[in-house]
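Input: a single structure, listed below in structure tokens.
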Amino acid sequence: MMDAMAELTGERGYEATKIADVVSRAGVARKTLYDNFAGKEELFLAAFGTTVTEAREAVEGACGEAGEGDGARVEAGLEALLDFLAAHPAQARMCMLEALSATPATAARYEQTIHEFVVLLRDGAPPAPGRAETLEETLVGGVAWILQQRIRNDEAEVVGALLPELSGFVLSPYRGVGKPSG
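Residue numbers (this note's numbering): 497 to 678.
In structure tokens:
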């Protein structure tokens, strides 16, 4: 049912996705859906939560396996995220686009997820004495915006090609913080 919700939301958007469509796509009875979920929003939030958990686990796993080199953990985590989004385009659209406007609860869950990725970056980034307090928020927000644009243009499957550019974007402030300019 969660996969059906992600697929339909990705194809039609949250508003146009009806419970009848979900149960038809999932091949379950309406009663089965309502035995497990209070309604469309709860099903969406469950699908969103499952997707975010899988993506976070992929990112954290990649970070844990990466070396301690200058930005290695950040680059490995970013690559894992891009690979996950490319492999799951419907879920990418659901989480990165539809969650923002579906309902107030989904927008709040999206904001919470962005904050969790800010914390992951802050914990995994190279040391940066003198860094701006909002640096990680800025970087995660910038990456999210770029990914949203690609997903909106039905380019989720090729976001992996953005790795060099996004890695450079995310890591450049850490590599440049504290160094005299010019």
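Every residue gets a Cβ at the ideal spot worked out from N, C-alpha and C, and that includes glycine.
These numbers come from a predicted model, not from an experiment.
Arg552 and Ala516 have their alpha carbons spaced roughly 31 angstroms apart. The C-beta of Thr602 has 16 or more other C-beta atoms within 10 Å across all chains shown, which makes the residue buried. For Ala562, the CB contacts under 8 angstroms within the same chain, skipping 5 residues up- and downstream, are Ala568, Arg569, Glu571, Ala572 and Gly573 in chain order. Relative to Glu661, the option among Gln645, Gly535, Tyr530 and Val639 whose CA is nearest is Val639.
Out of Gly672, Asp566, Gly557 and Leu596, the CA that lies nearest to the CA of Asp579 is found in Gly557.
With 16 or more neighbouring CB atoms inside 10 Å of its own CB, Pro585 falls in the buried class.
With respect to the 9 angstroms criterion, Leu539 and Met590 are not classified as neighbours on the basis of their beta carbons. Every alpha helix (DSSP H) of 4 residues or more that sits fully in the stretch 584–656 is shown, in chain order, as 585–589, 600–620 and 631–648.
With contacts defined as CB atoms closer than 9 angstroms, Ala621 and Arg605 fail to qualify as a contacting pair. In summary, Arg646 is buried, with 16 or more beta-carbon neighbours lying within 10 Å of its beta-carbon over all protein chains present. Here the C-alpha atom of Asn532 lies approximately 46 angstroms from the C-alpha atom of Asp566.
DSSP places Lys514 outside both helix and strand once states are collapsed to three, so it counts as coil.
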